[in-house]
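Residue numbers (the working numbering), protein chains in the order written: chain A, 1 to 160; chain B, 1 to 290; chain C, 1 to 698.
Ideal Cβ placement from N, Cα and C applies to all residues, glycine included.
For reference, the structure discussed in these notes is given below.
Structural data, given as structure tokens:
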């Protein structure tokens with residue numbers, strides 16, 4: 001079947017989509033957007049977190065045809081507005097050392113973006129809850145929490 | 001594989017009547033795992049995301065009528081105060097990503113004893129609206145499940161909404177897991193106090209072939225509360241009563257050994273959760289007086 | 001002379017921007033023109049024979065290009081040191097459940113996976129033996145243990161010393177199979193150009209993969225190029241070539257197209273290695289004043305029918321404490337199971353659980369503080385070999401950690417601290433890990449514009465290697481880090497050590513330092529950089545051979561606080577504290593995260609991680625991330641990591657010991673000791689699951 005949808009603000013079309021494909025598969029294998037990672041295919045690890053019409057979802061659990069006519073935003077589309085190429089969350093992950101192997105990173109950045117959009121000054125408990133569905137095997141999470149705190153503090157400075 | 005879109009309840013029913021083999025998909029949190037893992041390849045999927053009414057909730061005659069595809073996140077944020085037990089359970093579902101997609105309809109249709117929303121629906125005396133082109137019917141959640149991953153749903157039927165009475169008393173839900181998030185519960189327990197009716201209801205999750213009601217424990221507690229006139233006095237509940245309630249609830253569990261825990265452990269943990277949820281709800285009931 | 005400035009600073013990870021934007025390309029994400037996909041078909045029996053594979057139906061499916069089986073797959077060459085796990089599709093034997101028996105190749109990944117699912121494979125099953133036990137009749141003593149340590153060692157007369165010891169601890173500990181689970185599943189894409197093979201692969205060392213593929217495909221030296229610029233974690237599971245890379249190369253040869261093979265998460269549980277389960281018998285004897293008179297550590301582990309992997313579990317007991325009578329032994333049994341391999345601190349991680357738990361039991365038996373017990377038994381030379389230590393700061397770590405953690409006020413009595421439904425306890429354990437170096441080559445080039453390029457086949461699996469090596473090269477070249485580009489992950493850069501054994505930075509920095517010093521020497525002689533630049537090469541093989549015989553190890557001390565729910569048996573970890581003596585820490589930012597990450601994996605080891613073998617089917621039943629639990633962020637709270645300032649000039653030119661593994665060594669014991677302190681019950685089997693805690697409390 002044909003799939004028409006919007007990815008990072010650009011209209012996209014995919015042909016010969018098998019209806020059982022996941023949105024993750026379409027992004028990685030058809031759209032050439034491997035920033036969204038495939039690490040478990042069962043919604044356990046959060047590595048494939050993307051926005052579907054503004055809602056944070058695991059792309060592996062969305063059937064590709066369910067994205068028909070809808071808007072998807074991936075990690076590749078997060079910093080398109082910023083001049084330096086990184087948005088403040090990405091910058092905070094870089095500076096705090098929250099990135100190690102990097103395979104969980106895109107999903108964590110999407111989850112952080114979603115958190116700070118709804119809760120600009122989250123408590124530690126709120127951060128932990130918001131990132132509960134994102135597994136990281138390298139960092140032990142501490143630097144990731146630091147990154148979220150830093151991003152939140154900067155966001156607050158920018159938008160009082 | 002065919003992919004069928006439905007834009008309305010009627011369209012969905014018509015599609016399901018024509019293709020009873022079509023597997024409904026909404027949040028995809030269970031079904032997509034099966035597809036990704038090649039556990040099954042149904043001949044058709046029926047997408048319910050386009051049916052707007054599935055994503056609505058409304059208050060109807062002392063009930064909240066929750067569309068089959070209202071995601072857990074919205075249950076927590078929008079109707080948590082009306083259906084507190086369900087909201088507490090919804091908060092323990094997976095992760096934000098899963099709660100953004102997972103639905104009551106999915107929990108009911110999958111009929112897994114580990115479906116976190118099911119015990120609170122049971123104790124709240126919720127009913128399920130199901131329908132087909134042949135007509136519609138309502139089924140109490142208590143009668144909905146017929147076995148592990150089996151329900152009364154006919155091949156041509158779809159779940160339309162869940163009718164949950166607005167809480168008439170304190171409700172609680174608790175679960176035990178091996179880690180601090182993203183767990184399939186080792187076991188869970190939901191409890192609702194119904195002070196107006198002077199009844200209580202408990203339900204076990206993840207410790208049997210289906211979610212399991214706890215009638216012996218309920219009868220015991222109702223009798224104790226009545227004998228001791230505690231509904232009226234709102235006096236403190238004896239520790240011994242809570243413990244006994246837990247033991248009786250635990251006796252209703254029908255667990256198995258698996259990688260998440262032994263059967264003995266599950267039975268014990270159910271008793272602990274039943275005791276704790278009783279203590280929490282009773283404390284809340286006592287406070288509500290002042 | 002310019003002082004070193006880059007080393008020690010918290011330089012941001014160099015490739016971090018590429019990773020946070022999704023721009024970093026991992027092996028399974030490299031687009032090659034016209035590539036197709038291979039999907040692995042795994043055996044569904046644990047032992048027997050493939051009697052027939054009927055591929056016709058699959059070959060008739062849309063998009064399917066080929067089905068590789070033992071009947072038609074390219075024949076592979078083997079050398080004496082060939083890893084038998086890589087001889088895929090060469091015969092009809094099934095040696096474990098989950099072994100590759102076919103590769104379905106198709107135009108799209110979906111078509112390949114559908115075909116793999118439908119492939120009709122017929123087996124002649126045989127009775128399998130997958131149950132590991134310390135009394136298994138086929139246990140044997142291997143020739144050596146991983147990688148080449150003696151199997152058994154003995155000093156003095158342990159039996160006699162134990163017989164006359166005032167206090168004896170005799171206990172058996174066990175640890176389950178654990179699965180590495182790096183976040184990135186193994187992937188490779190292979191392309192042939194005549195007899196030249198290029199493979200983008202997810203691994204911890206591109207030259208070792210190049211060597212294996214060169215041999216397997218009977219190619220000339222230099223015919224294979226392996227690239228691995230970004231690798232999504234490994235923890236040992238990518239420490240050498242894994243079957244997916246061989247299958248990709250076979251598929252590409254067969255179809256004459258680039259072929260990508262990416263394992264699924266579930267496939268990883270059988271195909272890429274895991275930590276063997278262990279059973280460890282400890283016997284410790286001490287005088288009344290808590291001086292060790294005897295220590296015996298006997299370790300049992302499993303291996304597969306494919307090849308022998310003998311975990312060096314008891315190694316740790318050869319160096320930690322001054323026991324005049326000291327015996328260590330390893331026994332292995334080959335079962336019809338997937339081959340165990342390295343997982344973060346193989347040997348030391350499970351070994352330290354037994355040794356450091358036993359030391360805690362001994363402290364209790366002797367009535368001394370666990371730290372004091374370790375201080376009293378601190379050796380002056382390595383007890384087993386008599387070799388001097390290059391440096392050993394275990395006691396300093398214990399004391400520093402005790403200070404940071406607040407150990408002094410600890411009441412030693414178990415089971416007496418309660419906060420509501422929670423029992424509270426604290427525990428301590430020692431850590432250690434070998435600090436070795438292996439031969440590597442590197443090249444350093446000065447360019448006419450004043451910048452430098454350093455090339456080495458290092459692998460950054462998330463450790464921060466690229467960043468640390470840039471800091472080292474910059475200091476050696478007396479240049480700011482911005483003017484130094486370190487290129488890694490390309491086997492064409494020449495032979496180098498893998499990112500493994502905590503030896504990466506030690507080995508690579510040695511070669512880089514040597515090349516940079518050579519380059520500066522050349523630049524000094526020639527004065528100005530010619531337009532084409534000037535390059536210096538270095539090879540450390542001779543330097544490493546010339547190293548003095550010493551016992552080189554990093555040490556550390558770990559402290560844990562636990563809260564145990566008396567009703568449900570759940571264990572929570574409000575805080576951990578680790579203090580390490582690991583030589584020079586190159587990058588404070590990446591280094592701290594490595595150690596926290598190791599300790600967090602230690603929480604998983606202690607409380608969560610357990611591969612459960614199904615005796616009937618011969619399968620690790622919980623082979624996905626929903627049922628094999630690794631720590632989530634809610635499992636980790638306050639982890640205080642620090643290190644003492646350690647200068648050891650008998651290691652390597654830069655003075656590093658490696659920090660990739662020591663973080664997980666001792667964590668599980670510290671937690672188990674804390675659970676004992678909380679509850680009064682000793683858990684000698686990991687993980688410390690709620691049901692096990694509750695059973696002990698009942």
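Whose C-beta lies closer than 7 Å to the C-beta of residue i among residues of the same chain, with five residues either side of it excluded?
i                      : result
residue 243 of chain C : 85, 86, 88, 100, 271
residue 276 of chain B : 174
residue 67 of chain B  : 53, 54, 55, 56, 57, 161
residue 614 of chain C : 621
residue 665 of chain C : 345, 348, 349, 352, 431, 432, 433
residue 221 of chain C : 214
residue 361 of chain C : 169, 171, 682
residue 93 of chain B  : 72, 99, 102, 116
residue 139 of chain A : 98, 100
From which residue to which residue does the beta strand (DSSP E) around residue i run?
i                      : result
residue 282 of chain C : 278-286
residue 721 of chain C : Here chain C has residues from 1 to 698 only, and residue 721 of chain C is not among them.
residue 67 of chain B  : 63-67
residue 320 of chain C : Element bounds for residue 320 of chain C: n/a, residue is neither H nor E.
residue 555 of chain C : 553-565
residue 537 of chain C : 534-539
residue 72 of chain A  : 71-73
residue 175 of chain B : 171-176
Taking DSSP's pairing of strands, which residues face residue i in a bridge?
i                      : result
residue 325 of chain C : C:294
residue 158 of chain B : B:131
residue 475 of chain C : In the DSSP output, where bridge partners are listed per residue, residue 475 of chain C has none listed.
residue 432 of chain C : C:555
In terms of residue numbering, what span does the alpha helix (DSSP H) encompassing residue i cover?
i                      : result
residue 97 of chain B  : 96-99
residue 696 of chain C : 690-697
residue 366 of chain C : 348-366
residue 18 of chain A  : Premise fails: residue 18 of chain A is in no alpha helix (DSSP H) and is neither H nor E.
residue 402 of chain C : 394-405
residue 308 of chain C : No alpha helix (DSSP H) contains residue 308 of chain C, which DSSP labels as neither H nor E.
residue 124 of chain A : 124-130
residue 514 of chain C : 504-526
residue 164 of chain C : 158-164
residue 244 of chain B : 239-251
Relative to the alpha-carbon of residue i, which residue among the options has its alpha-carbon at the smallest distance?
i                      : options                    : result
residue 34 of chain A  : C:548, C:328, C:26         : C:26
residue 11 of chain C  : A:99, A:129, A:145, A:107  : A:99
residue 623 of chain C : C:97, C:93, C:90           : C:97
residue 65 of chain B  : B:25, B:121, B:93, B:114   : B:121
residue 113 of chain C : B:208, B:40, B:3           : B:40
residue 7 of chain A   : A:154, A:31, A:47, A:148   : A:31
residue 298 of chain C : C:259, C:355, C:289, C:254 : C:355
residue 2 of chain B   : B:198, B:42, B:105         : B:42
residue 145 of chain A : C:662, C:343, C:634        : C:634
For residue i, which residues from the same chain have a beta carbon less than 6 Å from its beta carbon, with the 5 sequence-adjacent residues on both sides left out?
i                      : result
residue 196 of chain C : 223
residue 125 of chain C : 45, 48
Please return the same chain residues whose Cβ sits closer than 8 Å to the Cβ of residue i, not counting the five positions on each side in sequence.
i                      : result
residue 638 of chain C : 574, 575, 576
residue 625 of chain C : 181, 265
residue 78 of chain A  : 87, 89, 90, 109, 110, 113
residue 160 of chain A : For residue 160 of chain A, the predicted structure reports a pLDDT of 43, less than 50, and the residue's modelled location is therefore unreliable. The matter cannot be settled from this model.
Within the segment 190-234 of chain B, ranges of the beta strand (DSSP E) (whole runs, at least 3 residues): Complete beta strand (DSSP E) runs here, min 3: 199-205.
Entirely within the segment 559-636 of chain C and at least 4 residues each: give me those alpha helix (DSSP H) ranges in chain order. Fully enclosed alpha helix (DSSP H) runs of 4 or longer: 588-603.
Extract the residue ranges of the beta strand (DSSP E) inside the segment 190-259 of chain C, only unbroken runs of 3 or more that lie entirely within it. Counting only runs of 3 or more, we get 196-201, 224-227.
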